[in-house]
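Line order of the protein sequences matches chains A and B.
Under our numbering, the first residue of the first sequence is numbered 1, with each subsequent residue one higher.
Under our numbering, the first residue of the second sequence is numbered 1001, with each subsequent residue one higher.
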Amino acid sequence: MIRFILLQNRQGKTRLAKYYVPLEDSEKHKVEYEVHRLVVNRDPKFTNFVEFRTHKVIYRRYAGLFFSLCVDITDNELAYLECIHLFVEILDHFFSNVCELDLVFNFHKVLVYLILDEFILAGELQETSKRAIIERMGELEKLE
Amino acid sequence: MNPFSSGTRLRDMIRAIRACKTAAEERAVVRKECAAIRAAINENDQDYRHRNLAKLMFIHMLGYPTHFGQMECLKLIASPGFPEKRIGYLGLMLLLDERQEVLMLVTNSVKQDLNHTNQYIVGLALCALGNICSAEMARDLAPEVERLLQFRDPNIRKKAALCSIRIIKKVPDLAENFINPVAALLKEKHHGVLITGVQLCTDLCKVSPEALEYFRKKCTDGLVRTLRDLVNSPYAPEYDIAGITDPFLHIRLLKLLRVLGRGDADASDSMNDILAQVATKTESNKNAGNAILYECVETIMSIEDNGGLRVLAINILGRFLSNRDNNIRYVALNMLMRAITVDAQAVQRHRATILECVKDSDASIRKRALELVYLLVNESNVKPLTKELVDYLEVSDQDFKGDLTAKVCSIIEKFSPEKSWYIDQMLKVLTEAGNFVKDEVWHALVVVISNASDLHGYTVRALFRALQTTAEQESLVRVAVWCIGEYGDLLVSNAGMLNVEDPITVTESDAVDIVESAIKRHASDLTTKSMALIALLKLSSRFPSCSRRIKDIVVQHKGSLVLELQQRSLEFNSIIEKHQNIRSALVERMPVLDEATFGGRRASSLPNTVSTSSGTAVKLPNGVAKPSAAPLVDLLDLSDDVPAPSSSGGDFLQDLLGVNLPPATQSEGTNQTPKAGTDVLLDLLSIGSTPAQDNNLSTPDILSSGQDNKPIIASLDVLAAPSNMMDLLDGLGPAPPKPAENGPAYPSIVAFESSSLRLTFNFSKQPGNPQTTMISGSFTNLSSNLFTDFVFQAAVPKFLQLHLDPASGNSLPASGNGTITQSLKVTNSQHGKKPLVMRLRIAYKVDGKDVLEEGQINNFPRDL
């Protein structure tokens, strides 16, 4: 199960945070800070998996953004790497060559959260087809 | 009108915040916005509620508190329109979590939305529920969600499935209700619904054993078929990732099969074919394929045994190990650790690759590989493996050295085939990474060295060489110093050369040099310096020619600010100067340290202390340098000639003193002491005098008067305080007491002497009872007449109590041909303040005539 998803830039600013486990605000900040510290200093040649408290964090860097997923210890890391990549591809499709600013400004369309909610729910994968998600987003947009 | 009113569009606010150059500016902007939003909330502004919440969410993401917005979420959710609901639910998920009580208020709205006609709104509600519902909400709304599992729209079905996962996690009792709907879901064709159904099923099985049974019986075959169809399916662009159709679904199915197959042979059988197919057919050049293979290997390892499959799995892992991608190697190492329990042989085949991984540049891979290597060591491969690891120790990173050292030491200890190899390897480790070596490890090394008597010469020479080249590693210095002290004579005389050694000439002064440098080294800590001092003492006895020089070195620490060093310096100096006659006995070669006792002691985490004798008659004080953290030295090891049983805890003291013995052997032991001086020492410590039982109780008092003791060691140490020591030793000079059975330091006196009679008193005290003195009086007839009717009477002042035993007889032969003895017991209530005094009256008959003699005894020893 995914415990939380974080998108952070290199300075440590959180661009997207979705938690599937309950945490106080102060705890959330602590977590974000720690994950950032863990992830930002790692050499690119190292593995994409780090142990974090009693779970593990699977992360990948795309340009200036770190996509971090915190999952249970027993989960399949390679699968979640694929998961991250699929998410990035979907975002890419929507913003055509997504960059950090897109995420920041289009936050108000809450597009990013909408996409995430169609992709992952309750910490588990909801839909594996890119096309299906994109279609669904189209329908939702029409309602706005 | 406030320019920062709700009229600001979100985009503008974001721009404004980003334009701030300092944190203070940003805080100011945010504060203004929050104020405006709060005002709008108070006014119950409908129009901009949507926008305000969006702003609030952004502000929340920046890290500012936004609790005041929570009720806004509720109001928005209650609104009829989709956009409002959407942002309301989003706000709900971001700003609230299940622990807040506000959440309860939403339950009704959510329930209505779950029944809404607009399926998008239903979707919204399911999403929110699935992400943050609490246990009560779950219970309330479970029936709705169940119903939705069979909704016509697949989007709703899959959301409902995931929502159910959360519900059963929160309320496991509800699991049974979901079993039937899930069975239907597993037959779906739509991938989204299928994958969510599979996930729900997996979680159901975890939560409820009945569900597990049910699915195992009914659905295993169906699932196997589904997986097979998936694996064999043609290219489907929608789900294709790196040439594989929907790898996520593959992985989820494999995981579910794992849960179903674990512990059940039938289910495992039905899966064998498909697992083999997946394992062999999946392409592994892309991450997606590797992810599937990884999951497949996990499943194979977890289900019931099938030899062929397991071999296949381990081969896949072997391939992973040689993959260039770090991720893959990491994952493989992880899995191999689990595989060892299953099939150690197969894993051994990949040992070489694993060893390579220990030297990898990535820290997480190194750690995993090291743990794996540790699990792989056995008697046959320990030598080459250790060699590799020790070689690597030289080049490894500082932060890794600690781990590596600990593991290497542990391997060496557990599996060493022979002592010389053990010593060699430990020497190498100490030379490279002595500072990382824990105390128990080098203590154990010392124990082994002392046991390997044929290797003493070799060891001490090797240590000498090592110490010459590098003196950086503290533990190495300590062990070396100890060995040089103990076996210095072997070092100089080149005794016991092994064929592999190069000849080396070491003079006595070289040996002293190197120990001296250990003391003088700035970086040496207290333990090292203390050990070096006692090593020097030992050397001063073994190399008498250097004695003067050693004394000079030792004396330098007389004024040391550290109490331990100062004490040692003074004591050793005194020994060297004044007490050469006992010095060699003091610092005699240590008896072999008993490994079993040490092993047991380590297990019970007592500090490594004292030696136990191994059968030779130990004469007396043996210099026992304690290789432990506590910087104390047993100067007087009184172990006796019966090997002490390997005991622990309180028995140590008795082992130490050999007092735990039947009286016969004990008196033997004490009477064996040939030297007069050592006799006194024993006596002084009242070992030989009174019955064994008393000694057991009393000796701790006299002996354990050392300073800065650890509580455990206190009872074991026999460190006398310096003043006592000096007294005891100085007592060697003057005449030894006449009868050997004397008590401590009370010389006998001639109490009364006249021309015809002499009375001699011998004293003894019961230890622990200083006020009472036993006096044994002995009358000698100096005249040439026989005395008859001999009666002795005595009187004492009020502060004394006197008790007279009957005399041995009442006739005293002439000219000292016999004696009469009589025992007295005097108790001095003013012991220490007033000495004893006594008046005598002796009456006897000579040739029929009565004679009376009287006198007063004033020459009692002072402290009776």
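Ideal Cβ positions, reconstructed from N, Cα and C, are used throughout, including at glycine.
query: For Ala63/A and Asn9/A, what's the separation of their Cα atoms in angstroms?; result: 9 Å
query: Starting from Gln1112/B and walking both ways along the alpha helix (DSSP H), at which residues does that stretch end?; result: 1102-1114
query: Assuming contact is defined by CB atoms lying nearer than 8 Å, are Ala1039/B and Leu1010/B in contact in what I supplied?; result: no
query: Output, in chain order, the set of chain A residues within a Cβ distance shorter than 7 Å of Arg1349/B.; result: Per Cβ cutoff of 7 Å: no residues; Arg1349/B is ~24 Å from chain A at best.
query: Roughly how many whole angstroms lie between the Cα atoms of His1250/B and Phe46/A?; result: 27 Å
query: Let me make sure I understand the geometry here. Which of Lys28/A, Leu111/A, Leu16/A has the alpha-carbon closest to that of Phe95/A?; result: Leu111/A
query: Verify the CB distance criterion: does Glu127/A have a CB-CB separation below 8 Å to chain B?; result: yes
query: How would you list, in chain order, the residues of chain A whose beta-carbon sits under 9 Å from the beta-carbon of Pro1083/B?; result: Leu143, Glu144
query: Among Leu116/A, Glu144/A, Met1/A, which residue has its Cα nearest to the Cα of Phe1082/B?; result: Glu144/A
query: Indicate the three-state DSSP secondary structure (helix, strand or coil) for Tyr1294/B in the structure shown.; result: helix
query: Where does Thr1760/B fall in DSSP's three states?; result: strand
query: In the DSSP assignment, find the unbroken alpha helix (DSSP H) run with Arg1583/B in it and report its ends.; result: 1580-1586
query: Could you check whether the Cβ of Ile1514/B sits closer than 8 Å to any Cβ belonging to chain A?; result: no
query: With H, G and I counted as helix, E and B as strand and the rest as coil, what does DSSP make of Ser1776/B?; result: strand
query: Just how far apart, CA to CA, sit Ala1242/B and Gly1289/B?; result: 8 Å
query: Buried or exposed for Tyr1844/B, please, with buried defined as at least 16 other CB atoms from any protein chain shown within 10 angstroms of its CB.; result: buried
query: For Ala1236/B and Val1342/B, what's the separation of their Cα atoms in angstroms?; result: 38 Å
query: Which residues share a DSSP beta bridge with Cys1865/B?; result: No answer is possible for residue 1865/B: the residues shown for chain B start at 1001 and end at 1864.
query: Grab me the residues of Ile1553/B's own chain with a C-beta within less than 8 Å of its C-beta, minus the 5 sequence neighbours each way, in chain order.; result: Val1512, Glu1516, Ile1519, Leu1536
query: By the 10 Å Cβ neighbour count, where 16 or more other Cβ atoms means buried, how is Glu1295/B classified, buried or exposed?; result: buried
query: For Cys1205/B versus Val1122/B, is the C-beta spacing smaller than 8 Å?; result: no
query: Just confirm the distance between the C-beta atoms of Leu103/A and Arg15/A, as a whole number of angstroms; I'd bet it's less than 8 Å.; result: 5 Å
query: Would you verify that the beta carbon of Leu1056/B is, or is not, closer than 8 Å to some beta carbon of chain A?; result: no
query: Can Lys1401/B and Ala1433/B be called in contact, C-beta distance under 8 Å?; result: yes
query: DSSP on Asp117/A, reduced to helix/strand/coil?; result: helix
query: May I ask you to report which of helix, strand or coil DSSP gives Ala122/A?; result: coil
query: Can you list, in chain order, the residues of its chain with a C-beta nearer than 7 Å to that of Glu127/A? Leave out the 5 residues immediately preceding and following it.; result: Glu118, Phe119, Ile133
query: On the DSSP letters alone, give me the boundaries of the alpha helix (DSSP H) that Ser1410/B sits inside.; result: 1398-1415
query: On the three-pair Cβ rule with 8 Å, is the segment 1414-1434 of chain B touching the segment 1370-1384 of chain B?; result: yes
query: By Cβ distance, which residues of its chain are closer than 7 Å to Leu1275/B, with the 5 residues on each side in sequence left out?; result: Cys1296, Thr1299, Ile1300, Leu1309
query: Mapping the DSSP letters down to three states, classify Leu1593/B as helix, strand or coil.; result: coil
query: In the DSSP assignment, find the alpha helix (DSSP H) that holds Asp75/A and state where it starts and stops.; result: Asp75/A -> no alpha helix (DSSP H), and no H or E assigned at all.
query: Which residues, in chain order, does the segment 45-56 of chain A contribute to contact with chain B at a C-beta distance below 9 Å?; result: Lys45, Phe46, Thr47, Asn48, Phe49, Val50, Glu51
query: Give a yes or no on whether the C-beta atoms belonging to Leu1800/B and Leu1836/B are separated by under 8 Å.; result: yes
query: Please check the pair Val1446/B and Trp1482/B, which I expect to be a contact at CB under 8 Å, by giving their CB distance rounded to whole angstroms.; result: 6 Å
query: Would you verify that the beta carbon of Asp117/A is, or is not, closer than 8 Å to some beta carbon of chain B?; result: yes
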